[in-house]
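Undergrad:
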Amino acid sequence: MHQYWFFIGSFPVRTYSTLFLLAFLLGLGVTLYFAKVERKSELIDHILNLGPILFIGGLIGSRIWQVFFFDWSYYRSHPDQILAIWHGGLSIQGGIVGSLLAGWIYVYKHRLNFWELADLFAPGIILGQSIGRDANLLNGDAFGSPTGGDFGLLFPQGTLARMTYGDQPLWPAEVWEGQGDMIIFALLLLFKLRRWPRGFIFLLQTTLYNIERFLLEMLRGDSPRFLFHWDAAQWTSALIIALCAVLFPLLARLDQRRLRHLQTP
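The opening position of the sequence shown corresponds to residue 1 in UniProt numbering, with each subsequent residue numbered one higher.
(1) Quick check: the Cα distance between I64 and Y209, rounded to an integer number of angstroms?
(2) By the DSSP assignment, the alpha helix (DSSP H) with V107 in it spans what residues?
(3) On the three-state DSSP scale, how would you describe F226?
(4) State yes or no: is the beta carbon of L22 nearer than 8 Å to at least one beta carbon in chain B?
(5) Contact check, D71 vs S223 under 8 Å by CB: the rounded distance?
(6) Helix, strand or coil for I183? Go by DSSP, reduced to three states.
(7) Would you say the region 46-55 touches the region 140-155, given that touching needs at least three Cβ pairs under 8 Å?
(8) What does DSSP give as the partner residue(s) for P12 in the beta ladder?
(9) If distances are taken between C-alpha atoms only, which option among A135, M218, I211 comes closest to T18?
(10) Between which two residues does the alpha helix (DSSP H) containing F69 stretch?
(11) Is it buried or exposed for S10, if we count other Cβ within 10 angstroms and need 16 for buried?
(12) Check whether the Cβ atoms of W176 and T147 sit closer than 8 Å, and answer yes or no.
(13) List the endpoints of the continuous alpha helix (DSSP H) containing R162.
(14) Taking all protein chains shown into account, decide if G29 is buried (16 or more other Cβ within 10 angstroms of its Cβ) or exposed.
(15) Suppose contacts are defined by Cβ-Cβ distances below 8 Å. Is Q66 in contact with G89 by that definition?
(16) Could you give the distance in angstroms between the alpha-carbon of V13 and the alpha-carbon of T159?
Structure, rendered in structure tokens:
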């Protein structure tokens, strides 16, 4: 667990920032790979154009979500930290929402199929999220609550986890989430072996991730709790799972209608 790789003079090269950037680049690379393998080369230029748009949209969305939905009580008392993203505090769920909104504007402007692109991006998204949890581990944020025993992660001095809980071992919630993301990534590769309605792969990734996130949030120790003792991430996950449950049959009907139209002479 190291917050810095090294220093250039007095400037710190942070593990959080570099792994965050690596997660985005590798996720984008996976998307380009699938565009080529699935013979959708006409989308490659659009994917490259979307890269910086999604990055900026995700960065803004993730910070807004973290500040105003996840930990407003802290940032209200420390407004100087609102823009300090190098200290951590980027919500994955907010990042996805921000990227989707930014991407939808681009897709609408260029008259592309949103769900087709979403399916291409889905494996890269979950791979990036897994690497992002490595960034959280090294930075000492997104940590679990005390295990109450000898088992758990003991964060070093200077991390937010150590400042919050001292020398108590914590549940490895961020580690397990990163590992769970890789399982979802592998499942998506298997599902890609056959044809599904447009949008199915993206909705599957979104549903599986938010189920995982909802369950692992029970072990988290860095977020305030609300109704039902759920934190903001659990409420977000519950709403997204419900939305996906509605969208699955709708996309299936749209796909059947599209196939009938193609088969009509």
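Ideal placement from N, C-alpha and C gives every residue a C-beta, glycine not left out.
TA: Reading from the atomic positions:
(1) The count along the sequence shown starts at 1 and reaches residue 64 at position 64. The count along the sequence shown starts at 1 and reaches residue 209 at position 209. Approximately 20 Å between the Cα atoms of the pair.
(2) Within the sequence shown, numbered from 1, the residue matching residue 107 stands at position 107. 92-110 is the extent of the alpha helix (DSSP H) around V107.
(3) Working through the sequence shown from its first residue, we reach residue 226 at position 226. Coil, per DSSP.
(4) Among the chains of the structure shown, chain B does not appear; only one protein chain is present.
(5) Start at 1 with the first residue of the sequence shown, and residue 71 comes out as number 71. Start at 1 with the first residue of the sequence shown, and residue 223 comes out as number 223. 7 Å between Cβ atoms; contact.
(6) Position 183 of the sequence shown, counted from the first residue, corresponds to residue 183. In the structure shown, I183 sits in a helix (DSSP, three-state: H, G or I).
(7) Contact between the region 46-55 and the region 140-155 is absent, because fewer than three Cβ pairs lie under 8 Å.
(8) For this step, residue 12 is matched to residue 12 along the sequence shown. F7.
(9) Stepping through the sequence shown from its first residue, residue 18 is reached at position 18. Ranked by Cα distance from T18, the first of A135, M218, I211 is A135.
(10) The sequence position of residue 69 within the sequence shown is 69, counting from 1. Element bounds for F69: n/a, residue is neither H nor E.
(11) As a working note, residue 10 is residue 10 in the sequence shown. Sixteen is the threshold: since fewer than 16 other Cβ atoms of the shown chains lie within 10 Å of the Cβ of S10, the residue is exposed.
(12) The sequence position of residue 176 within the sequence shown is 176, counting from 1. The sequence position of residue 147 within the sequence shown is 147, counting from 1. In this structure, W176 lies away from T147, with their beta-carbon atoms at least 8 Å apart.
(13) Taking the first residue of the sequence shown as 1, we reach residue 162 at position 162. Boundaries of the alpha helix (DSSP H) harbouring R162: 160-165, taken from the DSSP string.
(14) As a position in the sequence shown, residue 29 is number 29, starting the count at 1. The residue is exposed, with fewer than 16 neighbouring Cβ atoms inside 10 Å.
(15) For this step, residue 66 is matched to residue 66 along the sequence shown. For this step, residue 89 is matched to residue 89 along the sequence shown. Contact annotation: Q66 and G89 have beta-carbon atoms nearer than 8 Å.
(16) On the sequence shown, residue 13 is found 13 positions in, with the first residue counted as 1. On the sequence shown, residue 159 is found 159 positions in, with the first residue counted as 1. Each residue's Cα considered, the two are about 16 Å apart.
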